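Residue 3 is where the sequence shown starts when you use the working numbering, and the numbers rise one by one after that.
Backbone N, C-alpha and C fix where the C-beta goes; we use that ideal spot for every residue, glycine too.
These figures come from a predicted structure and were not determined experimentally.
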Amino acid sequence: MEKLLEGRVAVVTGGGKGVGAGISKLLAAEGAKVVFNYNSNPSLAEKTVEYIKQQGGEAYTCKVDVQYRDQVEAMMNKAVELYGGIDILVNNAAYQPNLDIDEYTEELYDQVMNINLGGYFRCMQAALPYLKQSKCPRIINISSVHAKRPGDFDVCYSMTKGGITMLTREAAVEFSKYGITVNAILPGGIIIEFKTGTTHRFKFKRIQRARTYNLRMPGMPEDVGNIVVFLASEKGGHINGASIRADKGAMLF
Numbered sequence: 003m004e005k006l007l008e009g010r011v012a013v014v015t016g017g018g019k020g021v022g023a024g025i026s027k028l029l030a031a032e033g034a035k036v037v038f039n040y041n042s043n044p045s046l047a048e049k050t051v052e053y054i055k056q057q058g059g060e061a062y063t064c065k066v067d068v069q070y071r072d073q074v075e076a077m078m079n080k081a082v083e084l085y086g087g088i089d090i091l092v093n094n095a096a097y098q099p100n101l102d103i104d105e106y107t108e109e110l111y112d113q114v115m116n117i118n119l120g121g122y123f124r125c126m127q128a129a130l131p132y133l134k135q136s137k138c139p140r141i142i143n144i145s146s147v148h149a150k151r152p153g154d155f156d157v158c159y160s161m162t163k164g165g166i167t168m169l170t171r172e173a174a175v176e177f178s179k180y181g182i183t184v185n186a187i188l189p190g191g192i193i194i195e196f197k198t199g200t201t202h203r204f205k206f207k208r209i210q211r212a213r214t215y216n217l218r219m220p221g222m223p224e225d226v227g228n229i230v231v232f233l234a235s236e237k238g239g240h241i242n243g244a245s246i247r248a249d250k251g252a253m254l255f
């Protein structure tokens with residue numbers, strides 16, 4: 003059976019662990035050659051590469067901090083050097099300190115904005131020349147349900163996710179002349195190894211109510227990855243500028 007992404011090249015930011023690893027694995031399983039970065043955990047990144055290769059796929063990982071344009075450009079150039087181009091960009095790398103407003107320092111505020119929103123912007127700029135040359139170019143931004151609903155656990159994280167939603171819509175309009183589709187996925191709670199920030203602080207009344215209706219079941223990275231694969235494939239070509247929730251309906255509460 004022909005794979006959906008056979009011969010395509012994908013760059014995934016933050017692809018070594020968590021949601022990014024799930025995305026990287028599924029892209030590779032569908033035939034894409036995957037380049038992804040890590041910033042703080044090389045061991046998990048190498049495990050993801052090893053898994054992909056054991057399954058017969060191709061992958062490469064590199065240490066890149068998406069706050070810095072030269073590192074982002076080097077990653078894109080490496081993908082082109084290794085595999086001949088870029089067809090798919092998945093922006094996923096994010097930092098979530100889980101702090102209240104009065105706990106944020108100026109430096110931490112800048113860092114969250116620079117990674118979560120600035121990183122997406124830089125990667126889109128750096129990948130654009132190569133995406134223009136692709137026959138089936140795709141950009142998929144991983145946002146969050148907190149782009150639309152307050153989380154009451156990290157205002158700056160939610161602000162960046164809201165910004166990603168509008169960045170997605172603007173880029174979808176601007177890049178349409180190149181045949182590039184740009185979409186966002188808004189995951190709800192996802193089970194991953196660990197978060198980069200401190201312990202979550204949620205309000206539990208809404209969560210318990212959603213569980214009553216079986217709508218607050220946590221997802222797995224692969225639940226997001228399956229949507230990425232579809233959007234990246236030719237089958238997803240008619241979807242553009244969309245924000246797709248992946249939360250089993252938890253946003254209804």
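{"query": "Best match in Ile90, Gly16, Gly59 for proximity to valine 184 [C-alpha to C-alpha]", "result": "Ile90"}
{"query": "Integer-rounded CB distance, given that glycine 16 should sit under 8 Å from glutamate 224", "result": "Not really, about 16 Å apart at Cβ, beyond 8 Å."}
{"query": "Candidates Ala30, Lys150, Val66, Cys158, of which the one nearest glycine 227 by Cα", "result": "Ala30"}
{"query": "Stretch-stretch touch, CB-based, cutoff 8 Å, three pairs: the segment 90-99 with the segment 158-170", "result": "yes"}
{"query": "Whole-number beta carbon distance between leucine 7 and alanine 234, since they are thought to touch under 8 Å", "result": "6 Å"}
{"query": "Neighbourhood of asparagine 43 by C-beta, 7 Å cutoff - its chain only, sequence neighbours within 5 removed", "result": "Gly18, Lys19"}
{"query": "Short Cβ contact (9 Å threshold) for valine 36 with glycine 59", "result": "yes"}
{"query": "Contact set for alanine 61: own chain, Cβ-Cβ below 8 Å, skip 5 residues either direction", "result": "Ser26, Ala30, Lys35, Val36, Val37, Phe38, Thr50, Val51, Ile54, Lys55"}
{"query": "Extent of the continuous beta strand (DSSP E) to which leucine 84 belongs", "result": "Counting along the chain, leucine 84 falls outside any beta strand (DSSP E), though it belongs to the alpha helix (DSSP H) covering 71-85."}
{"query": "Pairwise C-alpha distance: glycine 243 and isoleucine 230", "result": "One point to set straight first is that residue 230 is valine, not isoleucine, in the sequence displayed. Looking at the two C-alpha atoms, the distance is approximately 14 Å."}
{"query": "For leucine 254 and valine 68, the rounded distance between their alpha carbons", "result": "33 Å"}
{"query": "Span separating the alpha-carbon of glycine 22 from that of valine 14", "result": "7 Å"}
{"query": "Nearest-angstrom Cα separation, counted from leucine 101 out to phenylalanine 155", "result": "6 Å"}
{"query": "Three-state secondary structure assigned by DSSP to phenylalanine 155", "result": "coil"}
{"query": "Nearest-angstrom Cβ-Cβ length linking methionine 126 and isoleucine 141, presumed shorter than 8 Å", "result": "6 Å"}
{"query": "Straight-line gap, glycine 191 to glutamate 176 (C-alpha atoms, nearest Å)", "result": "31 Å"}
{"query": "C-beta atoms of lysine 150 and glycine 165 nearer than 9 Å", "result": "no"}
{"query": "Residue interval of the beta strand (DSSP E) (run including glutamate 60)", "result": "60-65"}
{"query": "Beta-carbon proximity list for isoleucine 117, same chain, < 7 Å, skipping 5 on both sides", "result": "Val68, Gln69, Ala95, Ala96, Tyr97"}
{"query": "Element boundaries [beta strand (DSSP E), containing serine 45]", "result": "Unbroken run through serine 45 is the alpha helix (DSSP H), 44-56; no beta strand (DSSP E)."}
{"query": "Buried versus exposed, by CB contacts within 10 Å (16 or more), proline 131", "result": "exposed"}
{"query": "Between the CA atoms of threonine 167 and alanine 81 - distance to the nearest angstrom", "result": "26 Å"}
{"query": "Whole-angstrom distance between isoleucine 187 and serine 245, CA atom to CA atom", "result": "6 Å"}
{"query": "Those residues which DSSP pairs with lysine 35 across a bridge", "result": "Val11, Glu60"}
{"query": "Leucine 169 - DSSP class collapsed to helix/strand/coil", "result": "helix"}
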